[in-house]
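Enquirer: Quick one: structure below, then a few questions.
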Amino acid sequence: MHDTSSGAPGLEPGWRWNNSFAALGPDFYTPMRLQPLAAPYMVGHSAQAARLLGLGPDALQSPAWLDFLVGNQVPDGAQPLSSVYSGHQFGVWAGQLGDGRAALLGELQPPAGHTASAQEIQLKGSGLTPYSRMGDGRAVLRSSIREFLCSEAMHALGIPTTRALCVIGSDHPVYREQPETAAVVTRLAPSFIRFGHFEHFCHHDLHAQLRQLADYVIDRFYPQCRQDSRLNGNPYANFLQAVTERTARMVAQWQAVGFCHGVMNTDNMSILGLTIDYGPFQFLDGFDPGHICNHSDNQGRYAFYKQPNVAYWNLYCLGHALLPLVEEQELAIAALETFKTVFPQAFDACMATKLGFPEVRDGQRALAEDLLRLLAEQRVDYNIFWRRLSHWVAQDAQSEQEPVLDLFLDRDGIDPWLLQYSEHLAHIPRGLAANLMLKSNPKYVLRNHLGELAIQAAQRKDFSVLGQLLQVLEHPFDEHPELESFAGFPPDWAAGIAISCSS
C-alpha cells in the first residue's frame, strides 16, 4: 500500500507509511491485532476523501481495499495500534480511557512535491482493544453511517473536521439494545491526538512523556510556536494559545450553522481544532438554544447554547495538563484568555456572512441577537429560515418576503426586524449580499431524519439513499432540484428519534 507494488490497486506511486505516532514508543499505545469481519461489502465511500490519499474513484471497490479497510489484512508498512488517553466525561474525571474500538493503521505520506498532505488512517469498529473496557470493540452500521455522512458534510460546510473515507459493512452480528450488524468506518486526519492524551500523562506524573508528546505535536503541526515571541516566547504556552484559538473558531462555526456535538468530553476534543467523534450529534431543526441532542445527557451539560463555555472548560483542563511544561500559571491563563476574544469575533464574522455583510458592521451583534431571540421564541426552523432569507435578498422584491414571514406564527416581531435588516442591506450591493448568503447558508444539512432514512435503506442493503444524501451534503449550497425533498421540514416522526452515547 506504500507504493504500486504493495498490492493496493489505484494508489499513485511514491506513497509510503510514516508511522510517526508509533515512533513515540510503547508508553503511548498498544500494538493491535485486527479482528477480521466476514464477507465485507462497501456501503458508501467519498471520492473527495479518497483523493486525499491519491486514490482514484474506483480504487476502493477492489477486494484488496475492502480487506485492508475492514481489518482483514494489514497493508505492508502499516503498524496497527490503539492509543492510550484519559479524560473528563460529563465534567467528571474518568481516568484511563483510550481507543476502545479504533485502530490506527499509520500515517500515509505522499511523495515529495505532491499537493496532498499526510493523513493518518484509523479504522473505527475494528474489534477489541486493550482499552475497550466492557465493550466489544465493534461499531454498528447505524452509527457508522451517521459518522461517515456528517464528517463529509461538515467538511463541505467549511468546518474543520476529521474526514471519512468509507463505510464497510458485514452481516456479523453486534448486540446493542437489539441485534444489529457490524460496520467499520475509515477515518482520516492529520492526527487523532486529543486533549485527553495530554491529561493522561499529566495525571500520572509522566512529565517526560508529556513533554515528548507536546514536542511531537508542536514540531509537526504548530512549529511557529517555537519562534513566537508572545507569552515570553514560551513554546508550550504558545501551543496552548494556538489550540485555544483554533477551538474557539471551530465552535463559533458550530454555533452559526446550528450544530450540536452532543458529547464534548475532553477525550473528544482534537488537539488540531477538528470536529471529532460523531456520536449523538444533531443539526437543529426548530431553533432552541437549550436543545439537548444526547439522550444520555441527563443534566443538559452539552446543550447547544452551552457549547462555547464547555469548550473553554475543556481548554482549561488542557491548560492544567500542560502546566508542568508551561511552568508559569499566569502564562497558561493568558493563553486561555484568548478564547474570550477569539470566539465572539469568530462568531460575529460567521453571522456577518450569514446576513450578507462582507465584514462585521456596527450594530450587527444586536441585530443578530434580536433575530436569534425571535427564532427561539417561535422555534422557527433554523436552516430553512436562513436559506429563505438568502433567497429573499437575492430576489430583491418585497413580495418575496412571504416565504420568510410564513415561518412565523406571530409576525409582530419579525416584520420590524426585517425592516431594520433592510436598512443595513441598503449600504451593501444587493447582489454581493445575496451571493455571500447563498454561499454561507446551506440548503442541505444532515438532519437526524435524513440520516435515519439512509440507515433504514442501508439495513436492507439499499445504499442509494446514502449515495443521494452524500451528493447533496458534499455540495450543500447548491440547489439540487432533483433532490429537493432532502431540504424540507422534518416529518413528525423525526421528533421521536433518540440518539445517545451508544449510538
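Counting from 1, one number per residue, gives the positions in the sequence shown under my numbering.
Glycine residues also receive a C-beta, built at the ideal position from the N, C-alpha and C atoms.
1) For the segment 367–377 against the segment 286–300, are there 3 or more C-beta pairs whose distance is under 8 Å?
2) Reducing DSSP to helix, strand and coil, say where Glu-120 ends up.
3) Give the single residue among Pro-57, Val-445, Glu-107 whose Cα lies nearest to the Cα of Ser-151.
4) Under DSSP, the beta strand (DSSP E) around Ser-83 begins and ends at which residues?
5) Give the single residue among Leu-405, Tyr-236, Leu-149 whose Cα lies nearest to the Cα of Leu-453.
6) Could you tell me which of Pro-40, Phe-21, Asp-478, Ala-50 sits nearest to Arg-163, measuring between CA atoms?
7) Which residue or residues does DSSP assign as beta-bridge partners of Glu-369?
8) In chain order, which continuous runs of the beta strand (DSSP E) of length 3 or greater are located wholly inside the segment 40–65?
9) Could you tell me which residues DSSP pairs with Leu-108 in its beta bridges?
10) Could you give the residue range of the beta strand (DSSP E) that holds Val-504?
11) Excluding the five sequence neighbours on either side, which residues of its own chain have a C-beta within less than 7 Å of the C-beta of Ala-346, listed in chain order?
12) According to the neighbour-count rule (16 or more other Cβ atoms, all chains shown, within 10 Å of its Cβ), is Ser-229 buried or exposed?
13) So what does DSSP say about Gly-87, is it helix, strand or coil?
14) Might you give, ordered along the chain, the residues of its own chain that have their beta carbon closer than 7 Å to the beta carbon of Asp-171, omitting 5 neighbours on each side?
15) So, Pro-476 versus Arg-447, is the Cβ gap smaller than 8 Å?
16) Val-184: which of Leu-367, Val-43, Gln-456 sits nearest, CA to CA?
17) Taking the C-alpha atoms as reference points, what is the distance between Gln-227 and Ala-242?
18) Measure from the alpha carbon of Leu-104 to the alpha carbon of each residue in Gln-364, Gly-158, Trp-313, Arg-33, then state which is nearest.
19) How should Met-134 be labelled, buried or exposed, when 16 other C-beta atoms within 10 angstroms of its C-beta is the threshold for buried?
20) Grab me the residues of Val-167's own chain with a C-beta within less than 7 Å of its C-beta, minus the 5 sequence neighbours each way, in chain order.
21) Do the segment 124–132 and the segment 92–110 touch if we need at least three Cβ pairs shorter than 8 Å?
22) Could you tell me the boundaries of the alpha helix (DSSP H) in which Gly-196 lies?
Expert: Taking the structure as given:
1) yes
2) strand
3) Val-445
4) 81–83
5) Leu-149
6) Ala-50
7) Answer is none; Glu-369 lacks a bridge partner.
8) 41–45
9) Trp-17, Gln-119
10) Limits of the chain in this structure are 1 at one end and 503 at the other, which puts residue 504 out of reach.
11) Ala-248, Arg-249, Ala-252
12) exposed
13) strand
14) Ala-39, Thr-181
15) no
16) Val-43
17) 13 Å
18) Arg-33
19) exposed
20) Val-43, Gly-44, Ser-144, Ile-145, Phe-148, Ala-183, Val-185
21) yes
22) 195–203
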